[in-house]
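Trainee: Taken in order, the sequence shown gives residues 393 to 787; the numbers are from this note's numbering.
Note that beta-carbon positions come from the ideal geometry of N, C-alpha and C, so glycine has one too.
All values derive from a computational prediction rather than experimental measurement.
Dropping a structure here in structure tokens format, bear with me for questions.
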Amino acid sequence: MKFLKIHRPLWTISSVLIAALISVPVITIATYWFAPASDVWDHLTNTVLKDYIYNSLILMTGVVLLAGIFGTSTAWLTAMYNFRGRKLLTVLLVLPLAFPGYIISFTYAGLLDYAGPVQSTIREIFGFASKRDYWFPDIMSLGGAIIMLSLVLYPYVFLIVRPVFLRNSSRLLEVAKTFGYSGTRSFFKISLPLARPAIVAGCSLALMEALNNFGTVKYYGVSTFTTGIYRAWFGLEDLPSAARLASILMLFVFSLFLVEMWQRRNLKLSTTDNEGTEIEPVKLIGFKAFSAWFVCIIPVAFGFIIPTLQLGVWASENMNILGSDEFYSLLGNSTFMASTTAVAIVVLALLLRFSSRISGSPVMKICNRISTMGYAIPGSVISVGILIPLARLDN
Numbered sequence: 393m394k395f396l397k398i399h400r401p402l403w404t405i406s407s408v409l410i411a412a413l414i415s416v417p418v419i420t421i422a423t424y425w426f427a428p429a430s431d432v433w434d435h436l437t438n439t440v441l442k443d444y445i446y447n448s449l450i451l452m453t454g455v456v457l458l459a460g461i462f463g464t465s466t467a468w469l470t471a472m473y474n475f476r477g478r479k480l481l482t483v484l485l486v487l488p489l490a491f492p493g494y495i496i497s498f499t500y501a502g503l504l505d506y507a508g509p510v511q512s513t514i515r516e517i518f519g520f521a522s523k524r525d526y527w528f529p530d531i532m533s534l535g536g537a538i539i540m541l542s543l544v545l546y547p548y549v550f551l552i553v554r555p556v557f558l559r560n561s562s563r564l565l566e567v568a569k570t571f572g573y574s575g576t577r578s579f580f581k582i583s584l585p586l587a588r589p590a591i592v593a594g595c596s597l598a599l600m601e602a603l604n605n606f607g608t609v610k611y612y613g614v615s616t617f618t619t620g621i622y623r624a625w626f627g628l629e630d631l632p633s634a635a636r637l638a639s640i641l642m643l644f645v646f647s648l649f650l651v652e653m654w655q656r657r658n659l660k661l662s663t664t665d666n667e668g669t670e671i672e673p674v675k676l677i678g679f680k681a682f683s684a685w686f687v688c689i690i691p692v693a694f695g696f697i698i699p700t701l702q703l704g705v706w707a708s709e710n711m712n713i714l715g716s717d718e719f720y721s722l723l724g725n726s727t728f729m730a731s732t733t734a735v736a737i738v739v740l741a742l743l744l745r746f747s748s749r750i751s752g753s754p755v756m757k758i759c760n761r762i763s764t765m766g767y768a769i770p771g772s773v774i775s776v777g778i779l780i781p782l783a784r785l786d787n
């Protein structure tokens, strides 16, 4: 410990350096607002900027509604009621989070497009000759992107809200039962208001991921800020315009980041004030048990089971690529990138946490707060904000 105290400034310096590196992308893209606007930027503001804003806002609204409904309803049912399959569903409801948005989007595009098995079966059963003979929803649209992202992001809400339902409202619900409150009325009058900070925090995390997504919106042909950044960067070859778009995206994300941190503070206070024993779940039988199971299995089926089965079918049809050099190259690169990134994250997180315990100075608190912004910065913003200074340094 004497060694740690002697070298305390070194811990502070290391934390300051980490915070500075994380701040580089944000500072870089912000500086481009002080440079003269290019003709490409004028073209973007007159043509597609409104579409970027509109589609991004609609995407955010749709994801927060669907992810909030999926996550909150399943968290309530698995926390407050006991029915057959409840423990298994509690685990399965988290698994869609393991699916990247672009993979599930690609899977459903193959399932539901005109040549896919679903529409082919419909034409075969009803004898339709072409697409003009029937109506089928277009999955390759903004609505489809909202559904795909909601299916893989609702676990953020589920994981944060369920512990609140398990603990915070136990005593109040017991009092509500003595006044004759039904389960539904207790949910809307007691549990839901208590869980509001947790719901907002979970939805904020889901929205950050939705705004950060590139694969789904690109594949579905939806123009958002993320696709606009890469289009201005690579298509129009105008990096300053891409930086300006990235800075506008950062305003969206930074607002969500502040809301999420504020609600997490409220969530901590709420948990501390109302902490108690976990409530005993109510036993459901018959139709009520089936209804609770059905509500919980819907996001699991569409967010994990169906995509997994379809990917398994496609994998079995293309087993020949397993022995190719390209497959092993892709596998090796993915494994190396994932493992090294995971190790770096753990090392940096331990360093920041340990530095905070050793020093405890106001500077350390500010550095740690800045460092936590890293998870909120979209990948497109980081790529633009990092490559610009690296290119200048290289030149």
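List the DSSP bridge partners of N385.
Mentor: Any answer about residue 385 is impossible in this case: the structure gives the chain only from 393 up to 787.
Trainee: Pull up the distance between the alpha-carbon of D665 and that of F580, whole angstroms please.
Mentor: Any reading at D665 must be qualified, since the residue scores a pLDDT of 48, below 50, and its modelled position is unreliable; the value itself is stated next. In a straight line, the C-alpha of D665 is about 20 Å away from that of F580.
Trainee: Tell me the DSSP secondary structure of N787 in three-state form.
Mentor: Coil at N787, not helix or strand.
Trainee: Going by DSSP in three states, S512 sits in which element: helix, strand or coil?
Mentor: Helix, per DSSP.
Trainee: Under a three-way DSSP split, which group does F728 fall into?
Mentor: Three-state DSSP puts F728 in a helix.
Trainee: Are there 16 or more other CB atoms within 10 angstroms of the CB of M600, so buried, or fewer, so exposed?
Mentor: Per the 10 Å Cβ criterion, buried.
Trainee: Can you tell me whether F395 is helix, strand or coil according to DSSP?
Mentor: Caution is warranted here: a pLDDT of 46 is assigned to F395, below 50, making its placement in the model unreliable, and the coordinate value is therefore given only provisionally. Looking at F395 - three-state DSSP - the assignment turns out to be helix.
Trainee: For S406, which of helix, strand or coil comes out of DSSP?
Mentor: Three-state DSSP puts S406 in a helix.
Trainee: Drop a sphere of 10 angstroms on the beta-carbon of R745, count the other beta-carbons inside from all chains shown, and report buried for 16 or more, exposed for fewer.
Mentor: Per the 10 Å Cβ criterion, exposed.
Trainee: Enumerate, from N- to C-terminal direction, the unbroken alpha helix (DSSP H) stretches of 4 or more residues contained entirely within the segment 599-640.
Mentor: Runs found: 607-611, 617-622.
Trainee: To the nearest angstrom, how far is the alpha carbon of K675 from that of I698?
Mentor: The straight-line gap from Cα to Cα measures roughly 29 Å.
Trainee: Can you tell me whether DSSP reads V692 as helix, strand or coil?
Mentor: V692 falls in the helix class under three-state DSSP.
Trainee: Cutting at 6 Å between CB atoms, please list the residues of its own chain near F696, excluding the five before and the five after it.
Mentor: Hits under 6 Å: L487, P488.
Trainee: Between which residues of its own chain and G460 is the CB-CB distance below 7 Å, once the five residues before and five after are set aside?
Mentor: Within the same chain, G460 has close Cβ partners V549, I591, C595.
Trainee: Need the endpoints of the alpha helix (DSSP H) that L551 sits in, please.
Mentor: Residues 534-559.
Trainee: Could you give the residue range of the alpha helix (DSSP H) that holds N712?
Mentor: No alpha helix (DSSP H) contains N712, which DSSP labels as neither H nor E.
Trainee: Contact check, R545 vs A598 under 8 Å by CB: the rounded distance?
Mentor: The amino acid occupying residue 545 in the given sequence is Leu; Arg does not appear at that position. Right, their Cβ atoms sit about 4 Å apart.
Trainee: Along the alpha helix (DSSP H) that carries R524, what are the first and last residues, could you check?
Mentor: Neither: R524 is in no alpha helix (DSSP H) and is coded neither H nor E.
Trainee: Buried or exposed, going by whether 16 or more other CB atoms sit within 10 Å of the CB of P547?
Mentor: Label assigned to P547: buried.
Trainee: Do L648 and F617 have their beta-carbon atoms positioned less than 8 Å apart in this structure?
Mentor: Going by C-beta atoms, F617 is not nearer than 8 Å to L648.
Trainee: With L436 as the anchor, note down where its alpha helix (DSSP H) starts and where it stops.
Mentor: Run containing L436: 431-439, per the alpha helix (DSSP H) assignment.
Trainee: For the putative contact between S533 and Y612, defined by C-beta atoms under 8 Å, what is the C-beta separation to the nearest angstrom?
Mentor: With 8 Å as the limit, S533 and Y612 qualify as a contact, their Cβ atoms being about 7 Å apart.
Trainee: With DSSP as the reference, label L485 as helix, strand or coil.
Mentor: In the structure shown, L485 sits in coil (DSSP, three-state: anything other than H, G, I, E or B).
Trainee: Consult DSSP for D443 and reduce its assignment to one of helix, strand or coil.
Mentor: Three-state result, D443: helix.
Trainee: State the start and end residues of the unbroken alpha helix (DSSP H) segment that holds F498.
Mentor: 493-504 is the extent of the alpha helix (DSSP H) around F498.
Trainee: To the nearest whole angstrom, what separates the beta carbons of M756 and T437, a pair I think is in contact under 8 Å?
Mentor: Not quite, the Cβ-Cβ distance comes to about 41 Å (not below 8 Å), so this is no contact.
Trainee: Going by beta carbon distance, what residues of the same chain come within less than 8 Å of D434, once the five residues before and after it are set aside?
Mentor: Closer than 8 Å at the Cβ level, and outside the excluded window around D434, lies no residue.
Trainee: Is the beta carbon of L603 closer than 8 Å to that of S448?
Mentor: Taking 8 Å as the Cβ cut-off, S448 and L603 qualify as a contacting pair.
Trainee: Could you give the distance in angstroms between the alpha-carbon of N474 and the alpha-carbon of W685?
Mentor: Roughly 10 Å between the two C-alpha positions.
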